[in-house]
Amino acid sequence: FTNCYGTLKCEIDRLLSEGYDILLDINSVGAKNIKKVYPDAVTVFINPPSLEELKKRLVGRGSETPDSLKKRLDEIEFERKAIPFYDFVVVNDVALDCSNKIVAFLENKRKELNEKYAKENSKSVLHDKVETQRKLQRI
801 FTNCYGTLKC
811 EIDRLLSEGY
821 DILLDINSVG
831 AKNIKKVYPD
841 AVTVFINPPS
851 LEELKKRLVG
861 RGSETPDSLK
871 KRLDEIEFER
881 KAIPFYDFVV
891 VNDVALDCSN
901 KIVAFLENKR
911 KELNEKYAKE
921 NSKSVLHDKV
931 ETQRKLQRI
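Position 119 (the sequence shown) corresponds to 919 in the working numbering; numbering is contiguous.
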């Protein structure tokens, strides 16, 4: 890959502790690394409708040299091999439809995770309550 960027873990941790959702624009290698550190992270692969359409879009932007265009098209081929790893895959045929699908998926995922943590916390609270009662009975 041609560009390397980084996001500080301490910044991610700080924002998560403050209740923020974090959106990272990363490749499949970065996504796998994030999942190792944050197993509940949600990964979304935004797939172009086709390589031909992607090439048309990139050329239409006028932002790519012939070499960078080839690199971008080669990268998407590599990235597509990681699709099975992702939690959600969406085809970016119409930008608004694509973003609506992603938002709906993320809202459902947030609800699932909130329910998961609510159950885990209630078990923890119940466990603490039972332990406290046991200790009181011994006194």
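Beta carbons: idealized from backbone N, C-alpha and C, even for Gly.
*Rounded separation between Gly862 and Lys855 - CA only*: Reading the sequence shown from its first residue, position 62 is the one you call residue 862. Reading the sequence shown from its first residue, position 55 is the one you call residue 855. Approximately 11 Å, taken between the alpha carbons.
*For Val842, does the count of other Cβ atoms within 10 angstroms reach 16, so buried, or fall short, so exposed?*
On the sequence shown, position 42 is the one that residue 842 refers to. Buried, by the Cβ-count rule.
*Mind the definition here: the segment 844–855 touches the segment 886–894 only if three or more C-beta pairs lie below 8 Å; say whether that holds.*
With a cut-off of 8 Å, the segment 886–894 and the segment 844–855 count as touching, because enough Cβ pairs lie within range.
*Using a Cβ-Cβ distance under 7 Å, would Ala918 count as near chain C?*
Absent from the structure: chain C. Only one protein chain is present.
*Hey, quick one: how far does the beta strand (DSSP E) through Asn847 stretch, first residue to last?*
Here residue 847 refers to the residue found at position 47 of the sequence shown. Annotation: the continuous beta strand (DSSP E) that includes Asn847 extends over Val844 to Asn847.
*Nearest-angstrom Cα distance between Gly830 and Glu907?*
Taking the first residue of the sequence shown as 1, we reach residue 830 at position 30. Taking the first residue of the sequence shown as 1, we reach residue 907 at position 107. Distance between the alpha carbons of Gly830 and Glu907: 23 Å.
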